[in-house]
């Protein structure tokens, strides 16, 4: 591995061992899952990525994908769901974190699908140069690629004729350098919250700032040099390389950024009105083109 990739691998090895505070991120909230799935498919399905996988199921209407590939798969849990569901025959999973690969292999053993799931701790772009696939799957990994245009082009090249490209990913500003409008609406939303929602998780003496700010690029690179390295080129690259691609913006300005950590103080039942209002604002911003996430599907 080159030094940058090695540093990112070390970060994700450590991340696999760490645990976030309970209910402090959007992916820990069923209400937000349902909201995203409604924006993806029109139906508020339960499950963090159920809408995305429903689109893949629709694309497999004529039969399962015989061979699929995923780059930056982490533990591969989501990819294995497609195998268990009978939507993918064999999945080739590429990952730089040895700790995550080990966890993924254990999960595959528990599911009894080790003959259908193959982990590779190597560079997919080189290793798959002469292979083709029926499905190229990206889930919160494309935004970690240093050259997203190259990664999208590689994806198309690896697809057989009629193969499917499926992406559910962060597509917002590179290195989380939020637009002025994102900062404005996120900060104004926080400013309207009572103080009790701004208690920092795990540290009651500390308050979460009311202003949403851009993180330090230097600090981001120091922690994980792969994080959102080239993310703002994803959507332009998708449109250029897959002219007929279907892209669904799924938001995040509020639920990913403005509510970050604040979610630990929100109860889905008691604070249902607040959460629904937050998601309505988030969706409105998405209609203005301000988004952090998107789902995209294309056929070669």
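Numbering (the numbering used here), first residue to last: 38 to 337.
Built from N, CA and C at the ideal position, the CB exists for glycine as well.
Computed from a prediction, not measured in an experiment: that's the story for all the values here.
Looking only at its own chain, which residues have a Cβ that is under 8 Å from the Cβ of residue i, when we skip the five neighbours before and after it?
i	result
residue 222	290, 291, 295, 318, 322, 327
residue 164	131, 157
residue 190	274, 278
residue 325	218
residue 336	96, 199, 200, 201, 202, 281
residue 159	131
residue 123	101
residue 224	247, 248, 249, 295
Count the other CB atoms, across all protein chains shown, that sit within 10 Å of the CB of residue i; report buried if there are 16 or more and exposed otherwise.
i	result
residue 206	buried
residue 254	exposed
residue 99	exposed
residue 56	exposed
residue 59	exposed
residue 239	exposed
residue 64	exposed
residue 171	buried
residue 146	exposed
residue 334	buried
residue 257	buried
residue 88	buried
residue 285	buried
residue 195	buried
residue 178	buried
Residues in the same chain with beta-carbon distance under 6 Å from residue i, minus the five sequence neighbours each way, listed in chain order, please.
i	result
residue 247	227, 228
residue 338	The structure shown does not extend to residue 338, since the chain is modelled only from 38 to 337, so the question has no answer here.
residue 315	291
residue 73	287
residue 16	Here the chain comprises residues numbered 38 to 337, so residue 16 is not present and cannot be evaluated.
residue 104	127, 170, 171
residue 96	201
residue 235	244, 245
Going by the beta-carbon positions, is the gap between residue i and residue j smaller than 7 Å?
i	j	result
residue 301	residue 61	yes
residue 162	residue 130	no
residue 174	residue 107	yes
residue 181	residue 109	yes
residue 120	residue 93	no
residue 249	residue 77	no
residue 278	residue 193	yes
residue 153	residue 116	no
residue 320	residue 68	no
residue 261	residue 45	yes
residue 214	residue 166	no
residue 70	residue 52	no
Within a Cβ cutoff of 7 Å, which residues of the same chain sit near residue i, ignoring the five residues on either side of it in sequence?
i	result
residue 211	265, 266, 267, 268, 269
residue 237	243, 244, 245, 298
residue 90	118, 119
residue 50	134, 135, 136
Given 8 Å, three or more beta-carbon pairs between the stretch 258-276 and the stretch 207-214
Touching, yes.
List, from N- to C-terminal side, the alpha helix (DSSP H) runs of 4 residues or more that fit wholly inside the stretch 226-310.
Correct list: 254-260, 271-278.
Validate contact between the stretch 173-190 and the stretch 213-222 using beta carbons, cut 8 Å, 3 pairs
Under the three-pair Cβ rule at 8 Å, the stretch 173-190 does not count as touching the stretch 213-222.
Assess, as a yes-or-no matter, whether the stretch 197-204 is touched by the stretch 124-138 under the definition of 3 or more beta carbon pairs within less than 8 Å.
The stretch 124-138, when compared against the stretch 197-204, does not touch it at the 8 Å Cβ threshold.
Could you say if the stretch 76-92 and the stretch 192-200 meet the contact criterion of at least three C-beta pairs nearer than 8 Å?
Because the criterion of three Cβ pairs below 8 Å is not met, the stretch 76-92 and the stretch 192-200 do not touch.
If we require 4 or more residues per run, which alpha helix (DSSP H) segments fall completely within the stretch 104-189?
Counting whole runs of 4 or more residues, the stretch 104-189 contains the alpha helix (DSSP H) stretches 114-121, 135-148, 161-164.
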